[in-house]
Amino acid sequence: MNAETRRRGNWWYCFITWLVREVIYRATGGLRIQGLEHIPHDGPAIIVANHMSYLDPPALGVPPRRWVRAMAKEELFKGPLGWLLHSIGTHPVRRGSSDTDSIKWFIEQMKQNSLVLMFPEGTRGDGETMGEFQSGVFMLSRRANAPIIPAGIRGTEIMWPRGSKKFRRHRITIVYTAPIAPEDIPRDKVQACRMLAERIADATELAG
1 MNAETRRRGN
11 WWYCFITWLV
21 REVIYRATGG
31 LRIQGLEHIP
41 HDGPAIIVAN
51 HMSYLDPPAL
61 GVPPRRWVRA
71 MAKEELFKGP
81 LGWLLHSIGT
91 HPVRRGSSDT
101 DSIKWFIEQM
111 KQNSLVLMFP
121 EGTRGDGETM
131 GEFQSGVFML
141 SRRANAPIIP
151 AGIRGTEIMW
161 PRGSKKFRRH
171 RITIVYTAPI
181 APEDIPRDKV
191 QACRMLAERI
201 ADATELAG
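This is the structure:
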(Lines of atoms letter the chains of each structure in order from A and count residues from 1; the text may use other names and numbers.)
(Lines give C-alpha, C1' and ligand atoms only; values in the text may rest on other atoms or scores of the structure.)
Protein backbone atom coordinates (compact mmCIF):
# COMPACT_ATOMS: atom_id res chain seq x y z
CA MET A 1 0.00 0.00 0.00
CA ASN A 2 1.57 3.30 -1.07
CA ALA A 3 1.46 6.53 0.96
CA GLU A 4 -1.36 8.08 -1.08
CA THR A 5 -3.57 5.01 -0.73
CA ARG A 6 -2.87 4.87 3.01
CA ARG A 7 -3.68 8.58 3.38
CA ARG A 8 -7.01 8.20 1.57
CA GLY A 9 -7.76 5.03 3.49
CA ASN A 10 -7.13 6.73 6.83
CA TRP A 11 -9.48 9.57 5.91
CA TRP A 12 -12.21 7.14 4.90
CA TYR A 13 -11.63 4.90 7.91
CA CYS A 14 -11.87 7.89 10.28
CA PHE A 15 -15.17 8.86 8.69
CA ILE A 16 -16.55 5.32 8.95
CA THR A 17 -15.49 4.93 12.60
CA TRP A 18 -17.05 8.31 13.42
CA LEU A 19 -20.27 7.21 11.72
CA VAL A 20 -20.28 3.84 13.52
CA ARG A 21 -19.57 5.57 16.83
CA GLU A 22 -22.54 7.89 16.34
CA VAL A 23 -24.82 5.02 15.37
CA ILE A 24 -23.71 2.93 18.36
CA TYR A 25 -24.20 5.78 20.81
CA ARG A 26 -27.64 6.61 19.46
CA ALA A 27 -28.75 2.99 19.12
CA THR A 28 -27.38 1.68 22.42
CA GLY A 29 -27.51 4.61 24.76
CA GLY A 30 -23.83 4.31 25.51
CA LEU A 31 -20.51 2.66 24.82
CA ARG A 32 -18.41 2.09 27.94
CA ILE A 33 -14.69 1.50 27.39
CA GLN A 34 -11.99 0.35 29.80
CA GLY A 35 -8.30 -0.33 29.28
CA LEU A 36 -7.52 1.73 26.17
CA GLU A 37 -4.11 2.40 27.71
CA HIS A 38 -3.19 -1.22 26.93
CA ILE A 39 -3.36 -0.61 23.18
CA PRO A 40 0.02 0.63 21.87
CA HIS A 41 0.03 3.87 19.89
CA ASP A 42 2.12 2.28 17.17
CA GLY A 43 3.77 -0.98 16.16
CA PRO A 44 2.15 -4.33 15.30
CA ALA A 45 -0.39 -5.76 17.74
CA ILE A 46 -3.32 -8.19 17.78
CA ILE A 47 -6.61 -7.61 19.59
CA VAL A 48 -8.38 -10.89 20.40
CA ALA A 49 -11.88 -11.01 21.85
CA ASN A 50 -14.97 -13.10 22.43
CA HIS A 51 -17.45 -13.08 19.54
CA MET A 52 -21.23 -13.05 19.99
CA SER A 53 -22.68 -10.69 17.39
CA TYR A 54 -22.07 -9.08 14.01
CA LEU A 55 -21.77 -5.86 16.01
CA ASP A 56 -18.56 -7.00 17.73
CA PRO A 57 -16.07 -5.99 14.99
CA PRO A 58 -17.31 -2.39 14.54
CA ALA A 59 -17.75 -1.91 18.29
CA LEU A 60 -14.23 -3.17 19.06
CA GLY A 61 -12.74 -1.23 16.17
CA VAL A 62 -14.12 2.17 17.12
CA PRO A 63 -12.38 2.99 20.48
CA PRO A 64 -8.66 2.61 19.55
CA ARG A 65 -7.23 5.75 17.96
CA ARG A 66 -5.70 3.58 15.26
CA TRP A 67 -6.86 1.90 12.09
CA VAL A 68 -8.04 -1.55 13.19
CA ARG A 69 -7.75 -4.18 10.46
CA ALA A 70 -9.88 -7.29 10.57
CA MET A 71 -10.84 -10.48 8.76
CA ALA A 72 -14.39 -11.57 7.92
CA LYS A 73 -15.94 -14.60 6.28
CA GLU A 74 -16.04 -14.22 2.52
CA GLU A 75 -19.83 -14.68 2.44
CA LEU A 76 -20.16 -11.13 3.77
CA PHE A 77 -18.29 -9.64 0.83
CA LYS A 78 -21.33 -9.21 -1.37
CA GLY A 79 -23.20 -6.10 -2.47
CA PRO A 80 -22.81 -2.78 -0.60
CA LEU A 81 -21.53 -4.46 2.57
CA GLY A 82 -18.74 -6.14 0.62
CA TRP A 83 -17.72 -2.82 -0.90
CA LEU A 84 -17.68 -1.21 2.55
CA LEU A 85 -15.62 -4.02 4.08
CA HIS A 86 -13.08 -3.81 1.28
CA SER A 87 -12.92 -0.01 1.59
CA ILE A 88 -11.82 -0.17 5.24
CA GLY A 89 -9.24 -2.87 4.62
CA THR A 90 -11.12 -5.95 5.82
CA HIS A 91 -9.79 -9.22 4.45
CA PRO A 92 -12.12 -12.04 3.28
CA VAL A 93 -11.50 -15.46 4.83
CA ARG A 94 -12.44 -18.83 3.36
CA ARG A 95 -13.53 -20.77 6.40
CA GLY A 96 -12.70 -24.45 6.57
CA SER A 97 -9.50 -24.10 4.54
CA SER A 98 -5.89 -23.29 5.35
CA ASP A 99 -6.31 -20.01 3.46
CA THR A 100 -2.65 -19.13 2.96
CA ASP A 101 -3.76 -15.81 1.47
CA SER A 102 -5.06 -14.75 4.89
CA ILE A 103 -1.75 -15.66 6.54
CA LYS A 104 0.15 -13.66 3.94
CA TRP A 105 -2.24 -10.76 4.43
CA PHE A 106 -1.74 -10.88 8.20
CA ILE A 107 2.05 -10.95 7.96
CA GLU A 108 1.94 -8.00 5.57
CA GLN A 109 -0.21 -6.08 8.04
CA MET A 110 2.29 -6.77 10.80
CA LYS A 111 5.13 -5.53 8.59
CA GLN A 112 3.13 -2.32 8.19
CA ASN A 113 2.81 -2.03 12.00
CA SER A 114 -0.95 -2.53 11.85
CA LEU A 115 -3.39 -3.26 14.66
CA VAL A 116 -5.39 -6.38 13.72
CA LEU A 117 -8.59 -7.67 15.32
CA MET A 118 -9.11 -11.43 15.54
CA PHE A 119 -11.70 -13.75 17.08
CA PRO A 120 -10.01 -17.02 18.14
CA GLU A 121 -13.38 -18.80 18.35
CA GLY A 122 -13.66 -18.38 14.59
CA THR A 123 -17.41 -17.75 14.67
CA ARG A 124 -20.10 -16.17 16.81
CA GLY A 125 -21.03 -17.83 20.08
CA ASP A 126 -24.32 -17.99 21.94
CA GLY A 127 -23.44 -15.20 24.35
CA GLU A 128 -23.22 -17.55 27.32
CA THR A 129 -20.17 -19.72 26.69
CA MET A 130 -17.10 -19.34 24.50
CA GLY A 131 -16.42 -21.82 21.73
CA GLU A 132 -13.24 -23.80 21.14
CA PHE A 133 -10.25 -21.59 20.46
CA GLN A 134 -8.13 -21.86 17.33
CA SER A 135 -4.39 -21.77 18.00
CA GLY A 136 -3.33 -19.96 14.82
CA VAL A 137 -3.18 -16.59 16.56
CA PHE A 138 -0.21 -17.77 18.64
CA MET A 139 1.81 -18.78 15.58
CA LEU A 140 1.04 -15.42 13.98
CA SER A 141 1.99 -13.54 17.15
CA ARG A 142 5.37 -15.26 17.38
CA ARG A 143 6.08 -14.95 13.69
CA ALA A 144 5.36 -11.21 13.68
CA ASN A 145 6.71 -10.59 17.21
CA ALA A 146 3.40 -8.86 17.95
CA PRO A 147 1.73 -8.73 21.38
CA ILE A 148 -1.76 -10.14 21.89
CA ILE A 149 -4.26 -7.84 23.62
CA PRO A 150 -7.12 -9.87 25.19
CA ALA A 151 -10.45 -8.05 25.22
CA GLY A 152 -13.96 -8.75 26.43
CA ILE A 153 -17.19 -7.33 25.04
CA ARG A 154 -20.71 -7.48 26.46
CA GLY A 155 -24.03 -6.09 25.33
CA THR A 156 -23.85 -6.88 21.63
CA GLU A 157 -25.34 -10.32 22.27
CA ILE A 158 -28.42 -8.57 23.66
CA MET A 159 -28.54 -5.75 21.15
CA TRP A 160 -28.28 -8.05 18.13
CA PRO A 161 -28.17 -11.72 19.17
CA ARG A 162 -27.12 -14.52 16.87
CA GLY A 163 -29.95 -15.67 14.62
CA SER A 164 -32.08 -12.60 15.26
CA LYS A 165 -33.10 -9.91 12.77
CA LYS A 166 -34.25 -7.49 15.45
CA PHE A 167 -32.25 -4.91 17.40
CA ARG A 168 -32.68 -4.11 21.07
CA ARG A 169 -31.44 -0.98 22.76
CA HIS A 170 -28.67 -1.92 25.17
CA ARG A 171 -25.37 -0.46 26.31
CA ILE A 172 -22.16 -2.05 25.04
CA THR A 173 -19.16 -2.46 27.34
CA ILE A 174 -15.63 -3.27 26.15
CA VAL A 175 -12.61 -4.08 28.32
CA TYR A 176 -9.10 -4.22 26.84
CA THR A 177 -6.50 -5.86 29.08
CA ALA A 178 -2.73 -6.00 29.43
CA PRO A 179 -0.87 -7.39 26.38
CA ILE A 180 0.62 -10.87 26.25
CA ALA A 181 4.15 -10.78 24.83
CA PRO A 182 5.00 -13.47 22.24
CA GLU A 183 7.69 -14.91 24.51
CA ASP A 184 5.11 -15.39 27.29
CA ILE A 185 2.85 -17.62 25.19
CA PRO A 186 3.10 -21.29 26.27
CA ARG A 187 4.55 -23.55 23.60
CA ASP A 188 1.91 -26.16 24.29
CA LYS A 189 -1.17 -25.28 22.20
CA VAL A 190 -3.64 -26.55 24.79
CA GLN A 191 -2.04 -24.47 27.54
CA ALA A 192 -1.84 -21.43 25.28
CA CYS A 193 -5.52 -21.69 24.33
CA ARG A 194 -6.49 -22.16 27.98
CA MET A 195 -4.48 -19.12 29.05
CA LEU A 196 -6.01 -16.90 26.36
CA ALA A 197 -9.52 -18.19 27.05
CA GLU A 198 -9.09 -17.35 30.74
CA ARG A 199 -7.81 -13.86 29.95
CA ILE A 200 -10.71 -13.15 27.60
CA ALA A 201 -13.21 -14.64 30.08
CA ASP A 202 -11.83 -12.38 32.82
CA ALA A 203 -12.14 -9.35 30.55
CA THR A 204 -15.67 -10.35 29.57
CA GLU A 205 -16.63 -10.73 33.23
CA LEU A 206 -15.31 -7.23 33.93
CA ALA A 207 -17.38 -5.98 31.00
CA GLY A 208 -20.48 -7.76 32.26
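Quick note, the sequence shown lines up with residues 1 to 208 if you use my numbering.
Glycine is no exception: its CB is placed at the ideal position from the N, C-alpha and C atoms.
- Rounded to whole angstroms, the separation of the alpha carbons of Gly155 and Glu108 is 33 Å.
- For Arg171 against Gly35, the beta-carbon gap comes to about 17 Å, at or over 8 Å, which does not count as contact.
- The beta-carbon separation of Thr90 and Met71, rounded to 7 Å, stays under the 8 Å limit for a contact.
- Excluding five sequence positions before and after Val68, the CB atoms of its chain that fall closer than 8 Å to its own CB belong to Ile47, Leu60, Gly61, Leu115, Val116 and Leu117, given in chain order.
- The beta carbon of Arg168 sits closer than 7 Å to the beta carbons of Ile158 and Met159 from its chain, once the five residues preceding and following it are set aside; these are given in chain order.
- When rounded, the separation of the alpha-carbon atoms in Ala49 and Ile200 is 6 Å.
- If you check the CB distance, Met139 and Pro44 do not come in under 7 Å.
- Here the alpha carbons of Pro58 and His41 stand approximately 19 Å from one another.
- C-alpha of Lys165 to C-alpha of Trp11: approximately 31 Å in a straight line.
- DSSP lists Ala151 as the beta-bridge partner residues of Tyr176.
- Residue range Gly79 to Ser87 is occupied by the alpha helix (DSSP H) that includes His86.
- Per DSSP, the continuous beta strand (DSSP E) segment holding Arg32 begins and ends at Leu31 to Gln34.
- In the DSSP annotation of this structure, the continuous segment of the beta strand (DSSP E) that includes Met118 starts and ends at Leu115 to Met118.
- At least 7 Å separates the beta-carbon of Pro64 from that of Ile33.
- The C-alpha of Ser102 is placed about 17 Å away from the C-alpha of Ser87.
- Put simply, the backbone Cα of Pro92 is about 30 Å away from that of Glu205.
- When C-alpha distances from Asp188 are compared across Gln134, Val175, Tyr54 and Gly82, the shortest belongs to Gln134.
- In the displayed model, Arg69 falls within a strand according to three-state DSSP.
- Ala49 has Ala151 as its beta-bridge partners, per DSSP.
- If the five residues before and after Pro120 are omitted, its C-beta is found closer than 6 Å to the C-beta atoms of Val48, Phe133, Gln134 and Val137, all from its own chain and listed in chain order.
- Ranking Pro179, Lys104, Val20 and Arg66 by CA distance to the CA of Leu55 puts Val20 first.
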